[in-house]
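Q: Basically the working numbering = 1-based index in the sequence shown + 230. All C-beta atoms in this analysis are idealised placements derived from N, C-alpha and C, irrespective of residue type, glycine included. Fair warning: this is a prediction, and the values are worked out from it, not measured in the lab.
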Amino acid sequence: MYHRNNRSARQNTEFVTKSIEDLVQIVRFDLKSGYFHLDICSQQQTFLGFQWEGQFYCYTVLAFGITTGPYIFTKCLRPLVKFWRENGIKIVLYLDDGFGMSPDENTCNEQSSFVKRSLIDAGFLINEEKSVFKPVTELEWLGIVWNSKEYKLSITQRRVDDLISSLNVILAKFPYVTARSLAQVVGRIISMTPVIGNVARIMSKFCYMEIESRIGWDIPITGYKPVEVLSELKFWLENVTMINYRKFRSLQ
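In structure tokens form, the structure reads like this:
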């Protein structure tokens with residue numbers, strides 16, 4: 231139900247915040263159609279078959295939507311991450327999104343070229359439009375803006391605007407809102423946890439209770455704690471922009 235709220239993403243976020251050094255240079259890369267790089271052996275393709283309009287089809291590559299897909303893809307790329315780190319490169323990978331860190335611009339240029347070359351040598355197609363191989367001190371990764379010069383994180387403005395828009399919609403209809411629409415709002419809030427911290431869960435607990443007491447996803451909520459739920463929704467509308475900020479190191 232919730233967007234990108236998983237252990238792997240949190241671990242990568244924490245690794246980056248602990249690894250960033252003074253005035254560090256950062257880069258990112260994105261793989262084009264990541265799953266399609268992994269071929270399925272012909273003997274196993276029948277297990278990834280589906281029927282559509284009377285025809286039966288089989289995936290010949292790793293398919294989107296498979297529960298174990300992220301785990302398989304991550305395991306297949308782990309040797310590359312190990313290889314990079316053994317060569318002194320601080321880098322993390324979340325599915326097909328990579329994030330690298332270097333102490334200075336020259337080192338960053340050398341290491342980013344090394345990473346890019348090894349990806350190509352390994353047979354991966356790089357999404358050049360979404361990749362940043364030139365050293366910078368601020369970029370977006372996993373929906374978060376990373377600023378290594380000011381040592382701060384923030385949720386992208388696009389995601390903040392989406393939350394505010396959905397809050398306005400649900401508040402205009404309150405209390406005649408469905409559990410599904412409330413869950414979508416709470417999901418957006420929880421996905422911001424890496425930046426805004428535990429307040430995401432603390433100030434959505436009554437919304438959670440309301441969702442859990444639902445009769446059905448598309449039926450109006452029961453009004454278990456209407457005053458508290460309304461208060462939480464108003465809190466986010468009034469404060470999400472102000473608390474969209476996290477320092478991960480003190481300026482000297």
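With DSSP run on the structure shown, which of helix, strand or coil describes PRO365?
A: Note: PRO365 maps to strand in three-state DSSP.
Q: Quick check: what's the CA-CA separation for GLU370 versus ILE321?
A: Straight-line Cα distance between these residues: approximately 15 angstroms.
Q: Below 8 angstroms on the Cβ atoms is my contact criterion, and I expect LEU412 with ILE451 to pass it. Report the Cβ-Cβ distance as a whole number of Å.
A: Right, their Cβ atoms sit about 6 angstroms apart.
Q: Counting along the chain, where does the beta strand (DSSP E) carrying ILE374 start and finish?
A: Unbroken beta strand (DSSP E) run through ILE374: 374 to 377.
Q: How would you write the range of the alpha helix (DSSP H) that GLY295 sits in, first residue to last?
A: Neither: GLY295 is in no alpha helix (DSSP H) and is coded neither H nor E.
Q: Secondary structure at GLY299, three-state DSSP: helix, strand or coil?
A: Reduced to three states, the DSSP call for GLY299 is helix.
Q: Measure the C-alpha to C-alpha separation of MET472 and TRP466 and round it to an integer number of angstroms.
A: Straight-line Cα distance between these residues: approximately 10 angstroms.
Q: Just the C-alpha distance for GLY279 and GLY295, rounded to the nearest angstrom, thanks.
A: Their backbone Cα atoms lie some 13 angstroms apart in a straight line.
Q: Note down the Cα distance separating SER348 from GLY318, rounded to an integer number of angstroms.
A: Roughly 14 angstroms separates the two Cα atoms.
Q: Mind checking ALA409: buried by the 16 CB within 10 Å criterion, or exposed?
A: ALA409 is buried by the Cβ-count criterion.
Q: How about LEU460 and LEU383: are their beta carbons less than 9 angstroms apart?
A: No. Outside cutoff.
Q: Take ILE356 as the anchor and find which of ARG258, GLU244, PRO456 and ALA293 has the nearest alpha-carbon.
A: Of the listed residues, the one whose Cα sits closest to ILE356 is ARG258.
Q: Can you find a CB in chain C that lies within less than 9 angstroms of the CB of SER384?
A: Among the chains in the structure shown there is no chain C, since it carries only a single protein chain.
Q: Who does PHE280 pair with in a DSSP beta bridge?
A: Answer is TYR287, bridged to PHE280.
Q: Since ILE256 and MET331 should fall inside the 8 angstroms C-beta cutoff, what is the C-beta to C-beta distance between them, to a whole number of angstroms?
A: Indeed they touch by this definition, with Cβ atoms about 5 angstroms apart.
Q: Mapping the DSSP letters down to three states, classify ASN474 as helix, strand or coil.
A: Residue state, collapsed to three classes: coil.
Q: Counting pairs of beta carbons, one from the region 258 to 268 and one from the region 291 to 309, are three or more of them closer than 8 angstroms?
A: Touching, per the Cβ criterion.
Q: Taking the alpha-carbon positions, what's the LEU310 to TYR475 distance?
A: The alpha-carbon atoms of LEU310 and TYR475 are separated by roughly 32 angstroms.
Q: Going by the beta-carbon positions, is the gap between PHE329 and SER342 smaller than 9 angstroms?
A: No, they are not a contact pair.
Q: With burial defined as no fewer than 16 other Cβ atoms inside 10 Å of the residue's Cβ, what is the status of VAL457: buried or exposed?
A: When all chains shown are included, VAL457 counts as exposed.
Q: Taking only three categories from DSSP, how would you classify TRP466?
A: DSSP places TRP466 in helix when its eight states are reduced to three.
Q: Check MET422 in the structure and name its three-state DSSP category.
A: It is coil, neither helix nor strand.
Q: Assign GLN274 to one of three DSSP states: helix, strand, or coil.
A: Coil at GLN274, not helix or strand.
Q: How would you call ILE374, buried or exposed, if buried means at least 16 neighbouring beta carbons within 10 angstroms?
A: When all chains shown are included, ILE374 counts as buried.
Q: Taking the CB atoms as reference points, tell me whether ILE250 and SER378 lie closer together than 9 angstroms.
A: Contact: yes.
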